[in-house]
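Numbering (our numbering), first residue to last: 7 to 103.
Just so it is clear, CB atoms sit at the ideal spot from N, CA and C, and this is done for glycine as well.
Quantities reported herein were computed from a predicted structural model and do not represent experimental measurements.
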């Protein structure tokens, strides 16, 4: 049985490598180089992302604060039995106007 396996391995060794394997090592190193370049650019991208997050938070706080000031300036009705409750179910379901 060992002789048959040895014969098969010798026959396999004598065959040329498939075409895809000829450039396998070069493609692997190219992939490694792409990953290294991406990692080198990561600190720049991190700064851009951080600036975007800070900008979004600032915009949200500013617009939320402006909205809060505008809503606070309006008179707020809290009474459940008021006749001016625009969102009361009896007002919303009344079709007579």
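Spatial distance of residue i from residue j (CA atoms)
i	j	result
residue 19	residue 57	58 angstroms
residue 49	residue 43	11 angstroms
residue 21	residue 46	42 angstroms
residue 40	residue 24	25 angstroms
residue 10	residue 51	58 angstroms
residue 63	residue 71	12 angstroms
residue 61	residue 76	23 angstroms
residue 53	residue 12	59 angstroms
residue 29	residue 35	10 angstroms
residue 79	residue 69	15 angstroms
First through last residue of the alpha helix (DSSP H) which encompasses residue i
i	result
residue 22	Per DSSP, residue 22 belongs to no alpha helix (DSSP H) and is neither H nor E.
residue 43	30 to 79
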